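Student:
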Amino acid sequence: MKMKTIAEINEKIKNGDVVVVTAENMIDIVKENGVEKAAREVDVVTTGTMGKMCSSGAFLNFGHSDPPMKLSKNVFLNDVDAYGYIAAADVYIGAAACSRKNKCYGGGHVIEDLINRKEIYLTAEGDKTDCYPKTSIETKITIDDLNQAILCNPRNAYQNYNVAVNSSDKTLYTYMGTLLPNFGNVTFSSAGQLSPLINDPYLETIGIGTRIFLGGGTGYVIGEGTQHNTEVERINDVPVKPAATLMVKGDLKQMNSKFLKGCYVHKYGTTLYVGIGIPIPILNESLARFCSISDAQIFANVIDYAVPRRSKPLIRKISYAELRSGKITINDEEVPVSSLSSYKKASEIASELKNLILRKDFLLTQAVAELPKSKFKPMKEITKEIKVKDVMTEAIVADLDSEISHISRIMIEKNVNHIAILKKGLLVGIVTSWDITKAYGLKTENLTDIMTTNVIVASPDENIEDVAKRLDEHNISALLVVVEKKVVGIITAENISKLVKNRKI
1 MKMKTIAEIN EKIKNGDVVV VTAENMIDIV KENGVEKAAR EVDVVTTGTM GKMCSSGAFL
61 NFGHSDPPMK LSKNVFLNDV DAYGYIAAAD VYIGAAACSR KNKCYGGGHV IEDLINRKEI
121 YLTAEGDKTD CYPKTSIETK ITIDDLNQAI LCNPRNAYQN YNVAVNSSDK TLYTYMGTLL
181 PNFGNVTFSS AGQLSPLIND PYLETIGIGT RIFLGGGTGY VIGEGTQHNT EVERINDVPV
241 KPAATLMVKG DLKQMNSKFL KGCYVHKYGT TLYVGIGIPI PILNESLARF CSISDAQIFA
301 NVIDYAVPRR SKPLIRKISY AELRSGKITI NDEEVPVSSL SSYKKASEIA SELKNLILRK
361 DFLLTQAVAE LPKSKFKPMK EITKEIKVKD VMTEAIVADL DSEISHISRI MIEKNVNHIA
421 ILKKGLLVGI VTSWDITKAY GLKTENLTDI MTTNVIVASP DENIEDVAKR LDEHNISALL
481 VVVEKKVVGI ITAENISKLV KNRKI
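So that you can map any letter, position 379 of the sequence shown is 379 in UniProt numbering, and since no number is skipped, the others follow by simple counting.
#1: Counting C-beta neighbours from all protein chains within 10 Å, is the total for lysine 504 16 or more, i.e. buried, or is it exposed?
#2: Whose C-beta lies closer than 8 angstroms to the C-beta of glutamate 233 among residues of the same chain, with five residues either side of it excluded?
#3: Report yes if the CB atom of valine 75 is closer than 8 angstroms to the CB atom of alanine 39, and no otherwise.
#4: List the residues that DSSP assigns as beta-bridge partners of proline 239.
#5: Can you check whether the CB of isoleucine 349 is closer than 8 angstroms to the CB of phenylalanine 259?
#6: Can you say whether isoleucine 303 is buried or exposed, counting buried as having 16 or more other CB atoms within 10 angstroms of its CB?
#7: For the alpha helix (DSSP H) that lysine 249 lies in, which residues bound it at each end?
#8: Measuring straight from C-alpha to C-alpha, what distance separates leucine 353 and lysine 12?
#9: Which of the three DSSP states is assigned to isoleucine 148 in this structure?
#10: Which whole-angstrom value is the C-beta distance of alanine 458 and isoleucine 450, which I expect to be below 8 angstroms?
#11: Identify the residues that DSSP records as bridge partners of alanine 458: which are they?
#12: Along the chain, where does the beta strand (DSSP E) containing methionine 50 start, and where does it finish?
#13: CB-CB under 6 angstroms to alanine 97, same chain, minus the five flanking residues each way: which ones, in chain order?
#14: Measure from the alpha carbon of residue 507 to the alpha carbon of each residue in Thr142, Asn236 and Glu494, then state which is nearest.
#15: So what's valine 467 in DSSP terms, helix, strand or just coil?
#16: What residue does the beta strand (DSSP E) around asparagine 61 start on, and which one ends it?
#17: Give me the Cα-Cα distance between valine 481 and threonine 432, rounded to the nearest whole angstrom.
#18: Using the Cβ count rule (16 or more neighbours within 10 Å means buried), how would you classify glutamate 36?
#19: Taking only runs that begin and end inside the segment 167–214, name each unbroken beta strand (DSSP E) of 3 or more residues, in chain order.
#20: Ignoring anything shorter than 4 residues, give me the alpha helix (DSSP H) runs that lie fully in the segment 100–140, in order along the chain.
#21: Quick one: using the 10 Å Cβ neighbour count with 16 as the cut-off for buried, is proline 378 buried or exposed?
#22: Could you compute how far the alpha carbon of valine 488 sits from the alpha carbon of tyrosine 173?
#23: Can you tell me the Cβ-Cβ gap for leucine 252 and isoleucine 115, rounded? I've got them flagged as a contact below 8 angstroms.
#24: Taking contact to mean at least 3 C-beta pairs separated by less than 8 angstroms, is the segment 353–363 in contact with the segment 274–285?
#25: Who pairs with glutamate 333 in a beta bridge, going by DSSP?
#26: With distances taken from CA atoms, which of Asp332, Gly34, Asn301 and Glu381 is nearest glycine 184?
#27: With a threshold of 6 angstroms on Cβ separation, who are the neighbours of alanine 92 within its own chain once the five nearest residues in sequence on each side are excluded?
#28: Under a Cβ-count criterion, where at least 16 other Cβ atoms within 10 Å of its own Cβ denotes burial, should aspartate 43 be classed as buried or exposed?
#29: Give me the Cα-Cα distance between lysine 407 and threonine 492, rounded to the nearest whole angstrom.
#30: Could you tell me whether any non-hydrogen atom of the ligand NAD is closer than 7 angstroms to the CB of leucine 260?
#31: How far does the alpha helix (DSSP H) with glutamate 352 in it reach, from first residue to last?
#32: Quickly, what does DSSP pair glycine 277 with across the bridge? List them, please.
#33: According to DSSP, is methionine 255 helix, strand or coil?
#34: Can you tell me where the beta strand (DSSP E) with alanine 82 in it begins and where it stops?
#35: Does phenylalanine 376 come out as helix, strand or coil in the three-state DSSP assignment?
#36: Are cysteine 263 and tyrosine 175 touching if we call contact CB-CB under 8 angstroms?
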């Protein structure tokens, strides 16, 4: 087929004869008519997503006070910390900043309150200079008092993301929501077949200058987002892990809280739900094929968040069709699934963008530059982190059927104060020298009368400083090092004391 151009599609928009469908519609169109016919007949496919996008915030310009003041330190909006030191009258409020007084209220809520024309309480201090003599201010403002209110988000619209689970025996509170112990639940966050960057997996049409639907208003892609990563594994052309990202901006005064909402993630922190829609011009057959991808063809990595490391274990790969079924199988068990992003809102955004184009209120833009191809690098750390596996020693173990007198002899022979108790090779408890003393007082030889079954453990890849804090929190002198209930070592307060003495931590 003859290649289309964005200019030609814009002419069709102006003339009222453009063919626009949502990404959901495109799946059925390609299935019924084939890629070639769909590419000829469809001009634009609209996409949408609405999820928590923590790397978001807004630049606000308040104008100058009289006498003038340089907004710098201790800048707060509704008691939420904001960043000054941007010339004199500009401030940046980050979505993830939390209130000093209410942990459930943060920067995302300030942004939503601004959109809803609510009064915001501003306090700030300034560095006194000859041209900026004022040193403090307290005032109330609304968004209409601001010269500019610019939503400027460094990292939005992730091209796929991890699916989260928790293999540990304790509940975890994360940006992926509450993760229940022992694979008790699964969470994910993507619009899948509606997601903008999944429908243009090689970023053929999305680049610097692309006009987008942002928070209910019009926005633009201003560059690649932070942590942008194009060198990733793909299945059916789509990355299976966090990949490309977008940096976007838009006029906050045009937006509405239907598509931009502050939220609190339980025991994690505050953030902002951001609604983004991107039109994909169908310039060729490959774009028509990409935009017909369904949830059954899109896969993501299920990652174990119980491991407190940058690199976490991969449990399995899973399709979005399976995730949206509400249950998936892990270790031969059915586990309930919940989505942290709103598919309903994503569909609504795609439909709203379609209608804007059909009403001639939204023209497409040709990107002025492509987004770069790049690989995400980890942080450079100049001090080597000491891990548990670098320090742990061999753990002495005994069987659950052992008598206490036998355990006592082992402690004397091995000169240790802790014995791991196993049943069929798996950890079931721990006995200390204090427990042995207690046994003689109770006149018992039954191990289960004295051993601790709720064992506080560590994993080999944990930071030694985190383990030291755990020892202190629980007022204990040692932690067994465990992998999948198998004891691989022990770390004691004495081990850590030697490190401190040698100034290694």
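Ideal Cβ positions, reconstructed from N, Cα and C, are used throughout, including at glycine. None of these values were measured; they are calculated from a predicted model.
Tutor: In terms of the structure at hand:
#1: For this step, residue 504 is matched to residue 504 along the sequence shown. Caution is warranted here: a pLDDT of 48 is assigned to lysine 504, below 50, making its placement in the model unreliable, and no coordinate value can be reported.
#2: Counted from its first residue, the sequence shown places residue 233 at position 233. Answer for glutamate 233: Pro239, Val240 and Lys241, listed in chain order.
#3: Against the sequence shown, residue 75 aligns to sequence position 75. Against the sequence shown, residue 39 aligns to sequence position 39. Cβ distance not < 8 angstroms, so valine 75 and alanine 39 don't count as in contact.
#4: For the purposes of this step, residue 239 is identified with residue 239 of the sequence shown, where counting begins at 1. Looking at the DSSP assignment, proline 239 forms a beta bridge with Arg234.
#5: The residue labelled residue 259 in the question sits at position 259 within the sequence shown. The residue labelled residue 349 in the question sits at position 349 within the sequence shown. Closer than 8 angstroms, so yes.
#6: Within the sequence shown, numbered from 1, the residue matching residue 303 stands at position 303. The residue is buried, with at least 16 neighbouring Cβ atoms inside 10 Å.
#7: Here residue 249 is taken as the residue at index 249 of the sequence shown, counted from 1. First-last for lysine 249: 246–251, but that is the beta strand (DSSP E), not the alpha helix (DSSP H).
#8: By one-based count along the sequence shown, residue 353 stands at place 353. By one-based count along the sequence shown, residue 12 stands at place 12. Cα-Cα distance, rounded: 16 angstroms.
#9: In the sequence shown, counting from the first residue as 1, residue 148 sits at position 148. The question names isoleucine, but residue 148 in the sequence shown is glutamine. Here glutamine 148 sits in strand by DSSP.
#10: To locate residue 458, count along the sequence shown from 1; it is residue 458. To locate residue 450, count along the sequence shown from 1; it is residue 450. With a Cβ gap of about 23 angstroms, alanine 458 and isoleucine 450 do not count as contacting.
#11: Residue mapping note: residue 458 aligns to position 458 of the sequence shown, counting from 1. For alanine 458, which the question treats as bridged, DSSP gives the partners Val481.
#12: Residue numbering aside, residue 50 sits at position 50 when the sequence shown is read from its first letter. 49–52 is the span of the beta strand (DSSP E), which, as asked, contains methionine 50.
#13: By 1-based counting over the sequence shown, the position of residue 97 is 97. Closer than 6 angstroms at the Cβ level, and outside the excluded window around alanine 97, lie Val80, Asp81, Gly106 and Gly107.
#14: Here the chain covers residues 1 to 505 and nothing more, so residue 507 does not appear.
#15: On the sequence shown, residue 467 is found 467 positions in, with the first residue counted as 1. DSSP places valine 467 in helix when its eight states are reduced to three.
#16: As a position in the sequence shown, residue 61 is number 61, starting the count at 1. Start and end: 57–61.
#17: By 1-based counting over the sequence shown, the position of residue 481 is 481. By 1-based counting over the sequence shown, the position of residue 432 is 432. Straight-line Cα distance between these residues: approximately 16 angstroms.
#18: Position 36 of the sequence shown, counted from the start, is the residue given in the question as residue 36. Exposed, since its Cβ has fewer than 16 Cβ neighbours within 10 Å.
#19: 172–174, 177–179, 186–188 and 211–214
#20: 107–115
#21: Numbered from 1 along the sequence shown, position 378 holds the residue referred to as residue 378. Flag for proline 378 reads exposed.
#22: Taking the first residue of the sequence shown as position 1, residue 488 is located at position 488. Taking the first residue of the sequence shown as position 1, residue 173 is located at position 173. If I take the Cα positions, the gap works out to 27 angstroms.
#23: Translated into positions along the sequence shown, residue 252 becomes position 252. Translated into positions along the sequence shown, residue 115 becomes position 115. Confirmed, about 6 angstroms.
#24: yes
#25: The sequence position of residue 333 within the sequence shown is 333, counting from 1. DSSP output for glutamate 333 lists Ile330 as bridge partner(s).
#26: The residue labelled residue 184 in the question sits at position 184 within the sequence shown. Ranking Asp332, Gly34, Asn301 and Glu381 by Cα distance to glycine 184 puts Asp332 first.
#27: In the sequence shown, counting from the first residue as 1, residue 92 sits at position 92. First, the amino acid is wrong: residue 92 is tyrosine here, not alanine. Closer than 6 angstroms at the Cβ level, and outside the excluded window around tyrosine 92, lie Gly57, Phe59 and Tyr83.
#28: Residue 43 sits at position 43 when you count from the first residue of the sequence shown. So aspartate 43 ends up on the buried side.
#29: Counting from 1 along the sequence shown, the entry for residue 407 is found at position 407. Counting from 1 along the sequence shown, the entry for residue 492 is found at position 492. According to the sequence shown, residue 407 is isoleucine rather than lysine. Approximately 19 angstroms, taken between the alpha carbons.
#30: Among the ligands in the structure shown, none appear at all, so the ligand NAD cannot be discussed.
#31: Walking along the sequence shown from the start, residue 352 turns up at place 352. Its alpha helix (DSSP H) spans residues 343–358.
#32: Walking along the sequence shown from the start, residue 277 turns up at place 277. In the DSSP output, where bridge partners are listed per residue, glycine 277 has Phe213.
#33: Sequence index remark: in the sequence shown, residue 255 carries index 255 (1-based). Methionine 255: coil per DSSP, three-state reduction.
#34: Taking the sequence shown and counting its residues from 1, the one referred to as residue 82 is at position 82. From DSSP, the beta strand (DSSP E) with alanine 82 extends over 80–86.
#35: The residue given as residue 376 occupies position 376 in the sequence shown. It is coil, neither helix nor strand.
#36: Residue 263 sits at position 263 when you count from the first residue of the sequence shown. Residue 175 sits at position 175 when you count from the first residue of the sequence shown. No, Cβ-Cβ distance for cysteine 263 and tyrosine 175 is not below 8 angstroms.
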